[in-house]
Amino acid sequence: MRYSALKVLTQGLTGNKGWKRVWRDPEPKAEYDIVIIGGGGHGLATAYYLAKAYGLSNIAVLEKGWIGGGNVGRNTTIIRSNYLLPGNQPFYELSMKLWEGIEQDFNYNAMVSQRGILNLFHSDAQRDAFSRRGNAMLLSGADAEMLDQNGVRSMYPFLNFDDARFPIKGGLLQKRAGTVRHDAVAWGFARGADMRGVDIIQNCEVTGLAIENGVCVGVETARGAIKTKKVASCVAGASNRIMAMAGLRLPIETHVLQAFVTEGLKPLISGVVTFGVGHFYISQSDKGGLVFGGNIDGYNTYAQRGNLPVVEDVCEGGMSLMPMIGRARVLRMWGGQLDMSMDGSPIIDKTPVEGLYFNGGWCYGGFKATPASGWCYAHLLAKGAPHPTATAFRLDRFKHGKMLDEKGVGAQPNLQ
Ligand SMILES: Cc1cc2nc3c(=O)[nH]c(=O)nc-3n(C[C@H](O)[C@H](O)[C@H](O)COP(=O)(O)OP(=O)(O)OC[C@H]3O[C@@H](n4cnc5c(N)ncnc54)[C@H](O)[C@@H]3O)c2cc1C
Numbered sequence: 337m338r339y340s341a342l343k344v345l346t347q348g349l350t351g352n353k354g355w356k357r358v359w360r361d362p363e364p365k366a367e368y369d370i371v372i373i374g375g376g377g378h379g380l381a382t383a384y385y386l387a388k389a390y391g392l393s394n395i396a397v398l399e400k401g402w403i404g405g406g407n408v409g410r411n412t413t414i415i416r417s418n419y420l421l422p423g424n425q426p427f428y429e430l431s432m433k434l435w436e437g438i439e440q441d442f443n444y445n446a447m448v449s450q451r452g453i454l455n456l457f458h459s460d461a462q463r464d465a466f467s468r469r470g471n472a473m474l475l476s477g478a479d480a481e482m483l484d485q486n487g488v489r490s491m492y493p494f495l496n497f498d499d500a501r502f503p504i505k506g507g508l509l510q511k512r513a514g515t516v517r518h519d520a521v522a523w524g525f526a527r528g529a530d531m532r533g534v535d536i537i538q539n540c541e542v543t544g545l546a547i548e549n550g551v552c553v554g555v556e557t558a559r560g561a562i563k564t565k566k567v568a569s570c571v572a573g574a575s576n577r578i579m580a581m582a583g584l585r586l587p588i589e590t591h592v593l594q595a596f597v598t599e600g601l602k603p604l605i606s607g608v609v610t611f612g613v614g615h616f617y618i619s620q621s622d623k624g625g626l627v628f629g630g631n632i633d634g635y636n637t638y639a640q641r642g643n644l645p646v647v648e649d650v651c652e653g654g655m656s657l658m659p660m661i662g663r664a665r666v667l668r669m670w671g672g673q674l675d676m677s678m679d680g681s682p683i684i685d686k687t688p689v690e691g692l693y694f695n696g697g698w699c700y701g702g703f704k705a706t707p708a709s710g711w712c713y714a715h716l717l718a719k720g721a722p723h724p725t726a727t728a729f730r731l732d733r734f735k736h737g738k739m740l741d742e743k744g745v746g747a748q749p750n751l752q
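According to my numbering, the residues represented by the sequence shown are 337 to 752, in order.
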């Protein structure tokens with residue numbers, strides 16, 4: 337079924353009785369050409385592009401819970417392409433371009449809202465660093481604008497500009513950045529993949545990998561063994577657990593990242609704002625809730641809830657940036673398992689085990705990467721070679737010292 341305004345109108349006038357299931361609920365088959373582990377954004381996007389761009393449909397996406405139950409449904413929905421390094425920036429710009437056409441492409445309303453992101457700077461040195469990043473963005477074809485204090489005041493007059501410790505001196509603005517409704521992304525890709533014949537199998541945890549003579553030939557699951565030619569891991573915070581099944585250790589640690597949402601308020605913050613001296617960023621959802629977050633909890637964990645010291649740290653950041661936020665009541669908070677790579681950049685690559693592929697290490701920022709990650713992983717799986725935009729995301733870069741060290745150039749390099 338193709339969605340359209342006419343469809344919504346006719347369904348509305350006829351009691352909404354004609355809507356069909358958005359994806360099937362198939363039993364796993366004994367064998368597939370490709371098995372994708374993880375029904376998050378990246379796994380579903382990979383399946384979608386494999387089917388759409390390469391005509392491959394004998395594919396299963398195996399999800400241990402329900403699709404959208406992982407980080408794709410837990411993140412703070414920010415998309416942007418404001419990176420610095422040549423290995424990263426063009427990839428995130430590719431992702432931004434895919435976001436710009438995604439709703440028409442997969443025929444699903446994902447509420448893509450290009451409301452802009454503003455990274456605040458608070459010192460002259462930080463201004464220099466942000467100018468450099470803005471120039472790198474322009475060179476890759478992205479948009480970037482430096483604002484002085486008056487420019488920021490005209491957008492967000494209520495910020496704490498003259499704070500004695502952290503005066504706001506200006507900001508780096510990317511207007512094409514914004515937010516996308518996160519779980520709709522999972523649903524849109526799932527629907528598009530299912531329509532093209534991909535089996536999306538929920539409640540199907542992968543419990544082991546079948547490896548014969550150094551070749552991965554299948555997976556063990558809670559619903560039986562499945563044979564396949566290619567296994568594509570795409571499990572974000574569970575990456576180490578899956579790769580350990582093949583005896584591989586990754587340059588990745590799993591941490592929990594928390595997010596918060598307040599009661600609904602009248603429109604206050606039009607875009608996304610990041611504080612430049614503490615871990616705090618904020619936007620406002622279409623329902624009016626202030627959505628904000630900060631840094632990861634510092635210890636390794638597979639839990640999906642965090643602890644109070646980080647809550648305190650995030651709230652301190654919020655109070656420094658916009659003291660009136662102290663009047664808002666927090667309604668909900670939650671956490672997700674992040675796959676933190678050692679240089680802050682992702683991995684999309686083959687592994688030393690033939691037939692076993694890996695996608696992970698997305699750190700704080702994998703949601704914005706979802707379309708490009710799926711696009712490039714599908715290319716790797718279909719063609720056996722990395723996509724030209726993702727050649728730097730090699731697994732062996734840590735062995736050879738070719739790190740893509742983006743972690744020191746974010747909004748708060750001094751805090752990483
Ligand atoms: C609080 C928070 C805020 C964030 N904010 C942003 C943001 O604003 N912008 C941004 O770009 N990024 C953000 N991120 C990061 C982003 O959400 C992740 O990097 C990205 O979603 C990870 O990819 P994914 O969607 O495929 O992961 P997931 O949705 O986590 O998908 C992985 C799936 O694998 C499944 N799985 C695990 N083990 C198995 C197994 N053994 N068998 C079968 N299935 C398995 C899991 O159940 C899960 O559904 C945030 C993350 C969090 C937690």
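Even glycine gets a Cβ: it sits at the ideal position worked out from N, Cα and C.
All values derive from a computational prediction rather than experimental measurement.
Straight-line Cα distance separating residue j from residue i
| i | j | result |
| --- | --- | --- |
| residue 379 | residue 404 | 11 Å |
| residue 586 | residue 678 | 10 Å |
| residue 607 | residue 452 | 5 Å |
| residue 342 | residue 348 | 10 Å |
| residue 504 | residue 462 | 11 Å |
| residue 518 | residue 578 | 24 Å |
| residue 590 | residue 351 | 47 Å |
| residue 833 | residue 700 | A question about residue 833 goes unanswered here, because the residues of the chain that appear run from 337 up to 752. |
| residue 490 | residue 444 | 35 Å |
| residue 709 | residue 533 | 21 Å |
| residue 583 | residue 692 | 12 Å |
| residue 367 | residue 511 | 46 Å |
| residue 638 | residue 682 | 19 Å |
| residue 436 | residue 529 | 19 Å |
| residue 487 | residue 546 | 58 Å |
| residue 359 | residue 516 | 21 Å |
| residue 675 | residue 572 | 5 Å |
| residue 388 | residue 441 | 10 Å |
| residue 346 | residue 492 | 42 Å |
Same chain, Cβ closer than 6 Å to residue i, five either side skipped, listed in chain order
| i | result |
| --- | --- |
| residue 344 | none |
| residue 542 | 373, 398, 555, 557 |
| residue 750 | Residue placement at residue 750 is flagged as unreliable, the pLDDT there being 48, under the threshold of 50; a coordinate-derived value is accordingly withheld. |
| residue 377 | 408, 521, 522, 706 |
For residue i: DSSP bridge partner residues
| i | result |
| --- | --- |
| residue 670 | 595 |
| residue 528 | None, per the DSSP bridge assignment. |
| residue 694 | 569, 685 |
| residue 548 | 551 |
| residue 393 | None; residue 393 has no bridge partner. |
| residue 514 | 415 |
| residue 368 | 564 |
| residue 439 | Residue 439 pairs with nothing; no bridge assigned. |
| residue 454 | 509, 609 |
| residue 398 | 373, 537 |
Local conformation of residue i per DSSP, three classes
| i | result |
| --- | --- |
| residue 652 | helix |
| residue 464 | helix |
| residue 350 | coil |
| residue 579 | helix |
| residue 449 | strand |
| residue 749 | For residue 749, the predicted structure reports a pLDDT of 46, less than 50, and the residue's modelled location is therefore unreliable. A value from the coordinates is still provided. Three-state result, residue 749: helix. |
| residue 498 | coil |
| residue 628 | strand |
| residue 563 | strand |
| residue 589 | strand |
| residue 600 | strand |
| residue 340 | coil |
| residue 637 | coil |
| residue 727 | coil |
| residue 713 | helix |
| residue 617 | strand |
| residue 482 | strand |
| residue 519 | helix |
| residue 678 | coil |
| residue 429 | helix |
Neighbourhood of residue i by C-beta, 7 Å cutoff - its chain only, sequence neighbours within 5 removed
| i | result |
| --- | --- |
| residue 734 | 587, 678 |
| residue 385 | 710, 711, 714 |
| residue 470 | 480, 482, 508 |
| residue 623 | 600 |
| residue 338 | 443 |
| residue 362 | 535, 537 |
| residue 550 | 689, 690 |
Close-in-space but distant-in-sequence residues of the same chain around residue i (CB under 8 Å, 5 per side omitted)
| i | result |
| --- | --- |
| residue 364 | 396, 398, 535, 537, 540, 557, 559, 560, 562 |
| residue 667 | 597, 598, 599, 625 |
Is the segment 599 to 617 close to the segment 730 to 745, with three or more CB pairs under 8 Å?
no
Would you check if the segment 361 to 376 and the segment 562 to 577 touch, i.e. whether three or more CB-CB distances between them fall below 8 Å?
yes
Give a yes or no on contact between the segment 638 to 658 and the segment 715 to 735, applying the rule of three or more CB pairs nearer than 8 Å.
no
With a cut-off of 8 Å, do at least 3 Cβ pairs link the segment 412 to 427 to the segment 547 to 556?
no
How about the segment 392 to 399 and the segment 417 to 424: do they share at least three Cβ pairs that are nearer than 8 Å?
no
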